[in-house]
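Right, one structure below, let's go through it.
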Amino acid sequence: MSKLLVALIAASFATVAGAQAGATKQEKQSTVQSVTKQDAQSTTAQGEAADVAKAKAQKGTAKALPDKASKQAATASTTKAQTEGGATAASQSADVAKAKSEKGTPKVAKPDLKDPAVQKAQQKAATQ
């Protein structure tokens, strides 16, 4: 039995040690080369040309809110939704006043469970 335990411990140790082994030198070099190629492609003239073409395509499109009146209408609707959804100052002050009034009230006393009279009352309540 002890030999089995020793074998299991040795196998788990070998597994953990193998998992922690780092990458080989060739794996590291191939990773660096692939990342370098990706970066070179994104910063070359081809990548810049694609960005320029995208910008030119978007240049003639109309804006979402073209005139001042539509911007004001959008702002007004957003402001109205926020004031209706949020709490008003009056309700907030009422909540604060309620919290302050309850602050000084004592909490309900907990029963002393070591007291024999309390224990008898709990037994009676449990049997009913």
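Start counting the sequence shown at -15; every next residue gets the next number (the numbering used here). Backbone N, C-alpha and C define an ideal beta-carbon position, used for all residues, glycine too. Just so you know, these numbers come straight off a predicted model, no measurement behind them.
Closer than 9 Å to chain B by CB, residue i
i   : result
Q76 : Of the protein chains in the structure, only one exists, and it is not chain B.
Coarse secondary structure for residue i, derived from DSSP in three states
i     : result
K91   : coil
P100  : helix
Q56   : helix
Q112  : coil
A(-6) : helix
D79   : helix
Cα-Cα separation, residue i to residue j
i      : j      : result
S14    : K52    : 56 Å
P90    : D96    : 17 Å
A(-5)  : K12    : 28 Å
Q42    : T(-1)  : 55 Å
Q56    : A93    : 58 Å
K40    : E32    : 12 Å
L(-8)  : V19    : 41 Å
A83    : K64    : 29 Å
F(-3)  : S(-14) : 16 Å
V(-10) : T111   : 56 Å
Q10    : D35    : 35 Å
Neighbourhood of residue i by C-beta, 7 Å cutoff - its chain only, sequence neighbours within 5 removed
i   : result
A58 : L49
Residue i CB to nearest heavy atom of the ligand GDP below 8 Å
i     : result
L(-8) : Of the ligands one can find in the structure shown there are none, so the ligand GDP has no counterpart to examine.
Sequence-distant residues of its chain with Cβ nearer than 8 Å to residue i (five each side left out)
i    : result
A101 : none
Q103 : L97
Q76  : none
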